[in-house]
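Below is one structure, written out as structure tokens, with a few remarks after it.
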Amino acid sequence: MLEARLEQAQLLKKVVDAIKDLVQDCNFDCNDSGIALQAMDNSHVALVSMMLKAESFNPFRCDRNIAIGLNLVSLTKVLRAAQNEDILTLKAEDAPDSLNLTFESSDKDRISEYDLKLMDIDQEHLGIPDTDYSATISMPSAEFKRICTDLMAMSESVTIEAGKDGIKFACNGDIGNGSITLRTVQDVENKENNIEIALTEPVSLTFSLKYLVNFCKAQNLSKTVKLHISNEVPLLVEYAMEGGSYLRFYLAPKIGD
Amino acid sequence: TPIQNDLSEYFALI
Numbered sequence: 174m175l176e177a178r179l180e181q182a183q184l185l186k187k188v189v190d191a192i193k194d195l196v197q198d199c200n201f202d203c204n205d206s207g208i209a210l211q212a213m214d215n216s217h218v219a220l221v222s223m224m225l226k227a228e229s230f231n232p233f234r235c236d237r238n239i240a241i242g243l244n245l246v247s248l249t250k251v252l253r254a255a256q257n258e259d260i261l262t263l264k265a266e267d268a269p270d271s272l273n274l275t276f277e278s279s280d281k282d283r284i285s286e287y288d289l290k291l292m293d294i295d296q297e298h299l300g301i302p303d304t305d306y307s308a309t310i311s312m313p314s315a316e317f318k319r320i321c322t323d324l325m326a327m328s329e330s331v332t333i334e335a336g337k338d339g340i341k342f343a344c345n346g347d348i349g350n351g352s353i354t355l356r357t358v359q360d361v362e363n364k365e366n367n368i369e370i371a372l373t374e375p376v377s378l379t380f381s382l383k384y385l386v387n388f389c390k391a392q393n394l395s396k397t398v399k400l401h402i403s404n405e406v407p408l409l410v411e412y413a414m415e416g417g418s419y420l421r422f423y424l425a426p427k428i429g430d
Numbered sequence: 096t097p098i099q100n101d102l103s104e105y106f107a108l109i
């Protein structure tokens with residue numbers, strides 16, 4: 174059986190909030206290393222890969238592989254009943270038809286308990302190869318969100334160009350064009366303000382801004398975001414959490430003219 | 096206008 178206790182419900186609330194507009198029905202695949210989710214959006218353009226490591230829970234117990242088939246709209250309805258600071262416990266049997274969730278207020282004067290019906294989801298799994306990306310950019314997640322939102326006001330697509338002079342986000346729209354160029358920032362006092370660019374070769378790829386703006390809903394999970402880019406392969410947008418947990422989004426590039 | 100690509104072109108189904 175699964176028993177997983179989170180010190181603060183807000184971790185799961187934020188993760189589900191960040192992905193529920195991209196994917197609706199998906200399996201939480203549980204085993205002794207944690208809770209994983211991999212799901213593509215309906216158009217097969219974006220992929221969500223979540224890993225909540227056992228280390229992010231206290232305690233975490235799951236002695237065999239358990240697939241928890243969830244509708245994220247339903248899960249959101251239940252999670253809305255949890256306060257951010259509540260202690261959240263997930264429980265499921267080995268072949269579950271429901272997921273038990275309890276929310277305990279931190280001063281323990283209130284315990285809420287919900288059982289959520291599960292679905293049998295036959296999910297496609299994609300093999301994601303380990304990739305040495307040509308460019309890895311680490312930046313404040315709020316900055317990335319601002320760039321994507323600002324450019325989406327002008328255009329459907331953004332071209333991300335990483336070179337020795339920095340990283341340039343450029344768009345062309347009906348009303349005109351725009352671009353934002355970022356250079357390396359080293360803020361010793363506040364490392365989360367750093368912009369780091371690791372480059373092995375220049376890259377230039379075009380992506381749909383609609384999806385990038387959607388990924389930015391994960392902004393609350395981490396103060397920094399990492400973009401991994403190589404020519405002609407999907408972009409990886411990564412939000413790292415404590416305990417080695419992460420939320421990753423993959424986005425297929427736009428090609429041709 | 097560039098064409099939106101499909102992720103399945105890059106990642107094999109397993």
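Keeping their order, the protein sequence lines are chains A and B.
The numbering used here runs 173 ahead of the 1-based position in the first sequence.
The numbering used here runs 95 ahead of the 1-based position in the second sequence.
Beta carbons: idealized from backbone N, C-alpha and C, even for Gly.
Here the structure is a predicted model, which means the values were calculated and not measured.
In the structure shown, the three-state DSSP call for B:Ile98 is strand.
Beta-bridge partners of A:Pro313 (DSSP): A:Thr397. Contact of A:Lys427 with chain B is assigned, a C-beta pair being separated by under 9 Å. Counting along the chain, no beta strand (DSSP E) covers A:Gln197, and no H or E run does either. The C-beta of B:Ile109 has fewer than 16 other C-beta atoms within 10 Å across all chains shown, which makes the residue exposed. For the stretch 307 to 356 of chain A, the full-length beta strand (DSSP E) segments reaching 3 residues or more read 308 to 313, 330 to 336, 339 to 346 and 349 to 355 along the chain. When 8 Å is used as the limit between beta carbons, A:Leu299 is near these residues of chain B: Leu102, Ser103, Phe106, Ala107, Leu108 and Ile109, in chain order. At a cut-off of 9 Å between beta carbons, A:Leu382 makes no contact with chain B.
Annotated as distal: A:Phe422 and A:Ala268, with beta-carbon spacing of 9 Å or more. For A:Ile294, the closest alpha carbon among the candidates A:Ala425, A:Leu424, A:Ile428 and A:Gln197 is that of A:Gln197. Put simply, of A:Phe317, A:Thr379, A:Ile301 and A:Asn204 the residue whose alpha carbon is nearest the alpha carbon of B:Thr96 is A:Thr379. The C-beta distance from A:Val386 to A:Leu400 rounds to 14 Å, too long to meet the 8 Å contact threshold. The Cβ atoms of A:Met327 and A:Gly351 lie closer than 9 Å to each other. Within the same chain, Cβ atoms closer than 6 Å to the Cβ of A:Arg234 are found at Glu176, the five residues on either side in sequence being excluded. The three-state reading of DSSP puts A:Gln181 in coil, since its state is none of H, G, I, E or B. Cβ-Cβ distances below 8 Å link A:Gln296 to Cys199, Asn200, Gln211 and Ala212 in the same chain, with the five nearest sequence neighbours on each side left out; the list follows chain order.
For A:Pro407, the chain B residues whose Cβ falls inside 8 Å of its Cβ are Leu102, Tyr105 and Phe106, in order along the chain. Relative to the Cα of A:Ile320, the nearest Cα in the group A:Arg178, A:Asn215 and A:Leu355 belongs to A:Leu355. Per the DSSP secondary-structure output, A:Asn244 pairs in a beta bridge with A:Asp198. DSSP, reduced to helix, strand and coil, places A:Ile192 within a helical segment of the structure shown.
Sorting A:Lys290, A:Arg178, A:Val188 and A:Gln181 by C-alpha distance to the C-alpha of A:Cys389 places A:Val188 at the top. At the C-beta level, A:Ser395 and A:Ser229 stay beyond 9 Å of one another. For A:Tyr423, the chain B residues whose Cβ falls inside 7 Å of its Cβ are Leu102, in order along the chain. Contact between the stretch 279 to 288 of chain A and the stretch 237 to 255 of chain A is established, with three or more Cβ pairs separated by less than 8 Å.
Rounded to the nearest whole angstrom, the C-alpha separation of A:Asn345 and A:Met325 is 10 Å. Counting C-beta pairs closer than 8 Å gives three or more between the stretch 258 to 268 of chain A and the stretch 179 to 193 of chain A, which meets the contact rule. In the three-state reduction of the DSSP assignment, A:Lys427 falls in the strand class.
A:Met213 is bridged by DSSP to A:Leu220.
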